[in-house]
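Visitor: Position one of the sequence shown corresponds to residue 1 (the working numbering), numbered consecutively onward. Yeah, the Cβ is synthetic: ideal placement off N, Cα and C, and Gly gets one too. Nothing here was measured: the structure is a model prediction, and the numbers come from that model. Dropping a structure here in structure tokens format, bear with me for questions.
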Amino acid sequence: MSPIQETPALPWARSCSQAREQAPGAMRTQEGTQPSGEKLLKKHEFSVDMACEGCSNAVTRVLNKLGGVQFDIDLPNKKVCIDSEHSVDTLLETLGKTGKAVSYLGPK
């Protein structure tokens, strides 16, 4: 019976992700793909009738409360780009809670 070989620890790695990146045979992902078990975020663009920083703060507040989103607000062009696993209907409903006129522009 052969002895069990352990993978040596990587003392220079400060986190699990660094250890995976530096370990031989580390898992790599290509751009636009994610390891199984993780949901792929879909990108959507919305028009939101924002006139000031207070309006963009309202958008930030409702999206943060929803959770599971990453977003960019383009106040001068009145656009919000959202990466999310939520449906377009859920995102429209959430953005509508700001009291501003909202429309879906399409996938980004």
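#1: Helix, strand or coil for Gly-96? Go by DSSP, reduced to three states.
#2: Leaving out five residues on either side along the sequence, give the residues of the same chain with a beta carbon under 6 Å from the beta carbon of Glu-69.
#3: Can you name, in chain order, every residue of its own chain whose Cβ lies under 8 Å from the Cβ of Lys-43, other than the five neighbours on each side?
#4: Do the CB positions of Val-88 and Ser-47 come within less than 9 Å of each other?
#5: Apply the 10 Å Cβ neighbour rule to Leu-40 and answer buried if 16 or more other Cβ atoms are within range, or exposed otherwise.
#6: Going by DSSP in three states, Gly-68 sits in which element: helix, strand or coil?
Guide: So, from the listed chains and residues:
#1: Here residue 96 is taken as the residue at index 96 of the sequence shown, counted from 1. Helix at Gly-96.
#2: Reading the sequence shown from its first residue, position 69 is the one you call residue 69. A small correction: the amino acid at residue 69 is Val; Glu does not occupy that position in the sequence shown. Only Leu-63, Ile-82, Ser-84 meet the Cβ criterion.
#3: Against the sequence shown, residue 43 aligns to sequence position 43. Here the set comprises Cys-81, Ile-82, Asp-83, Pro-107, Lys-108.
#4: Locating residue 88 in the sequence shown gives position 88, where the first residue counts as 1. Locating residue 47 in the sequence shown gives position 47, where the first residue counts as 1. Cβ distance not < 9 Å, so Val-88 and Ser-47 don't count as in contact.
#5: Here residue 40 corresponds to residue number 40 of the sequence shown, with the count starting at 1. Label assigned to Leu-40: exposed.
#6: Indexing the sequence shown from 1 puts residue 68 at position 68. Coil.
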